[in-house]
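Reading through the structure tokens given below for one structure.
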Amino acid sequence: MLAIQINQLSFQFPDAAEPLFTLPQLTVNRRQRVAIIGPNGTGKSTLLKMLAANDDPRIQAVGKIGYVPQLKDFSSESGGEQVKREIFDVLGEQPDILLLDEPSANLDLLNQHWLARELARFAGTLIVVSHDETLLAQPFDQIVVFGGPTVTVFTGDYAAYRQAEQRQAQKTEAAYHDYLAKKKALEIQVEKRLQQARRLKKGNTRKLSNSDKKAAGLTSHDKSERKKAQTAMALEHRIDRMTAPDRVKKERPLHFKDLTAPQLAGHTMLRVSGWTVVRGKKTLIQNIQLKVPAGQRVAITGPNQAGKTSFFKDIMARPQPVWWNQLARIGYFAQDLDTLDRGQTLWENVAGHSYQDVHLIRNLLAGLGFPPAQWAQNAGTLSGGEQVKANLARILVGDYNFLLLDEPTNYLDLKAIDALGTFLASYPGTLLLISHDQTFTQRVAQQIYTIRDHRLVDPERMAPVHLTSETKLLLQHQIDALVADPEADIAEIRALRRQLAEA
932 MLAIQINQLS
942 FQFPDAAEPL
952 FTLPQLTVNR
962 RQRVAIIGPN
972 GTGKSTLLKM
982 LAANDDPRIQ
992 AVGKIGYVPQ
1002 LKDFSSESGG
1012 EQVKREIFDV
1022 LGEQPDILLL
1032 DEPSANLDLL
1042 NQHWLARELA
1052 RFAGTLIVVS
1062 HDETLLAQPF
1072 DQIVVFGGPT
1082 VTVFTGDYAA
1092 YRQAEQRQAQ
1102 KTEAAYHDYL
1112 AKKKALEIQV
1122 EKRLQQARRL
1132 KKGNTRKLSN
1142 SDKKAAGLTS
1152 HDKSERKKAQ
1162 TAMALEHRID
1172 RMTAPDRVKK
1182 ERPLHFKDLT
1192 APQLAGHTML
1202 RVSGWTVVRG
1212 KKTLIQNIQL
1222 KVPAGQRVAI
1232 TGPNQAGKTS
1242 FFKDIMARPQ
1252 PVWWNQLARI
1262 GYFAQDLDTL
1272 DRGQTLWENV
1282 AGHSYQDVHL
1292 IRNLLAGLGF
1302 PPAQWAQNAG
1312 TLSGGEQVKA
1322 NLARILVGDY
1332 NFLLLDEPTN
1342 YLDLKAIDAL
1352 GTFLASYPGT
1362 LLLISHDQTF
1372 TQRVAQQIYT
1382 IRDHRLVDPE
1392 RMAPVHLTSE
1402 TKLLLQHQID
1412 ALVADPEADI
1422 AEIRALRRQL
1432 AEA
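Using my numbering, the first residue of the sequence shown is number 932, and each one after it goes up by one.
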């Protein structure tokens, strides 16, 4: 049964010369799941808003619609808790069609599992905008791909889409190499014909009159010479008419200027000895013991409101139990920290404070979604999301040897996250990172710590886990939900009950 039908849908801003996007057709049946992916600013959220409004004759949506937009302005509760509450409230309304815009952007690992379970249990039609590869690994029936003037629709899940994308890239590269081989073969033929013509001309250039040439039988040489030259010219015209196919853009290796002082090799950059993070009367993380060697990439994970951001702010304040190497030059990025000069261009803000090579800066800006045409744009005219990315770029290539990054992947699209991961994996300095993105963290970090029961611990050295009251409540909620579901797996319910009993 049909849930959503879209025909020849486009959206264009009033002052724009071209549509932001055009979606020729999209058909979604009941209970199907659709993921929407693509770079920021291409119209994904706009499409979701149009679906939620359901007042465009080109859109037909059947049933009750529940919509959770992308949340950027948070209340006193953490972003993750607010997102979770919004999703929980909408699910309680039992919609037939559920629209979610970046639902996992601020969720910690525990709540990401909660979201995956709730979406798996949802019996209606699901449309999700996401850049989270962990969420995208869930079963989807269609992938809607933004990124060009025309939106494309792929039938299959995200893994199948990536495989098809890779196969297409291989075909594109093969077509390009085939073009080069054919062009080279024609060029060889041109040179061969020209050499033959030159040899004929050389053997036919004695100082003889035309009558002498005719008497000597050299007229055929003249004809052969002209024929060879004409054939060469025809082949050259054929080469000129050949059109080079598109080629897959390959990432160039990032070449950093290592700003780390040579004498730091093997030394400690940051040591925290017994610091406790407190806000008001609440202890968030107690007795922190942490040492970060030079050149190490370290990540800190943990639940929302566990104190990760507060810890970063504390070590930046340098209280007595926190020791920084005197040669450390710290670049600190947070979503709410603004370092841009709005009177300067994007390029001036980023490159003007960097000692890195301009090629690296260009690659980074392009990877984060800033095309060259935007580099001369005044920073004050950038959108809110673009300003966050510009702040991130400014920190990444600044004159620092220790990067302190708090959730740098929030609201980046898939390609930008990939570019950031490539950048940080090659970074020669020291990195301390907070991130909820599991895939990204595993790719970048050499050492991962987590906050559990108000302590910063190494998961690989932890004793058996004793669940917190919050986790127990979540387990009980999952059990209750499964018990109420007539299609639930009894074995799964029993496993969760055992886990709760052993806590």
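The C-beta atom is built at its ideal place from N, Cα and C for all residues, glycine as well.
Only a predicted model underlies this, so the values are computations on that prediction, with no experimental measurement involved.
Distance CB(residue i)-CB(residue j) smaller than 9 Å
i, j, result
"ALA934", "ASP1027", "yes"
"LEU1125", "ALA1163", "yes"
"GLY1078", "PRO1234", "no"
"TYR1107", "ARG1178", "yes"
"GLY997", "LEU1022", "yes"
"ILE1074", "GLU1049", "no"
"ILE1365", "ASP1337", "yes"
"LEU1335", "ILE1246", "yes"
"ARG964", "PRO1034", "no"
"PRO988", "VAL1082", "no"
"PRO1359", "LEU1351", "no"
"VAL1229", "LEU1363", "yes"
"ASP1344", "ILE967", "no"
"ILE1261", "PHE1242", "no"
"LEU957", "VAL1084", "yes"
"THR1361", "MET1200", "yes"
Three-way DSSP call (helix, strand, coil) for residue i in this model
i, result
"PRO1390", "helix"
"THR1232", "strand"
"SER1061", "coil"
"ASN1042", "helix"
"MET1164", "helix"
"ARG1383", "strand"
"ILE937", "strand"
"ASP1109", "helix"
"LEU1215", "strand"
"PHE1053", "coil"
"GLN1073", "strand"
"LEU1345", "helix"
"GLN1220", "strand"
"LEU1195", "helix"
"MET1247", "helix"
"VAL1082", "coil"
"ARG1093", "helix"
"ARG1260", "coil"
"GLY1205", "strand"
"PHE1354", "helix"
"ASP1032", "strand"
Beta-carbon contacts of residue i that lie in its chain and below 7 Å, excluding the five residues immediately before and after
i, result
"ILE990", "ILE937, LEU940, MET981, LEU982"
"LYS1114", "ILE1170, MET1173"
"VAL1289", "ALA1282"
"MET932", "ASN960, ARG961"
"THR1086", "GLN1073"
"GLY1238", "VAL1208, LEU1215, ILE1216, ILE1382"
"ASP1497", "Residue 1497 lies beyond the residue range present for the chain, which begins at 932 and ends at 1434; the question has no answer from this structure."
Nearest-angstrom beta carbon gap, residue j and residue i [assumed within contact, 8 Å]
i, j, result
"GLN1308", "LEU1277", "5 Å"
"PHE942", "PHE952", "6 Å"
"ILE1292", "ALA1282", "5 Å"
"LEU1215", "HIS1385", "7 Å"
"LEU1038", "ILE1058", "About 18 Å; that fails the 8 Å criterion."
"HIS1062", "ILE1348", "6 Å"
"SER1314", "PRO1252", "SER1314 to PRO1252, Cβ: 40 Å. No contact."
Cutoff 6 Å; reference residue i; Cβ partners in own chain excluding five residues on either side
i, result
"TYR1342", "GLY1316"
"ALA1437", "The requested residue 1437 does not occur in the structure, where the chain is confined to residues 932 to 1434."
"ARG1202", "LYS1222, TRP1254"
"GLN1369", "THR1065"
"HIS1284", "GLY1329"
"THR1232", "THR1381"
"GLN1120", "LEU1166"
"LYS1015", "ASN1042"
"ARG1383", "none"
"GLY1274", "none"
"PRO1000", "ASP1032"
Cut-off 8 Å between Cβ atoms - residues of its own chain near residue i, not counting five sequence neighbours on either side
i, result
"GLY1197", "PRO1224, ALA1225"
"PRO1395", "Residue confidence for PRO1395 is low, a pLDDT of 45 falling below 50, so the modelled location carries little weight; the figure read from the coordinates is stated next. There are no such residues."
"PHE1354", "LEU1185, LEU1295, GLY1298, LEU1327"
"ASN1322", "PHE1264, LEU1268, ASP1269, THR1270, LEU1271"
"LYS1320", "LEU1299, GLY1300, PHE1301, LEU1343, ALA1347"
"LEU1067", "ALA966, ILE968, SER1061, TYR1089"
Within-9 Å CB hit, residue i to chain B
i, result
"THR1361", "Among the chains of the structure shown, chain B does not appear; only one protein chain is present."
Quick check on the DSSP output: what are the complete beta strand (DSSP E) runs of length 3 or more inside the segment 954-1008, in order along the chain? 964-968, 990-992, 996-999
Ordered list of beta strand (DSSP E) runs contained in the segment 1289-1337, each at least 3 residues: 1333-1337
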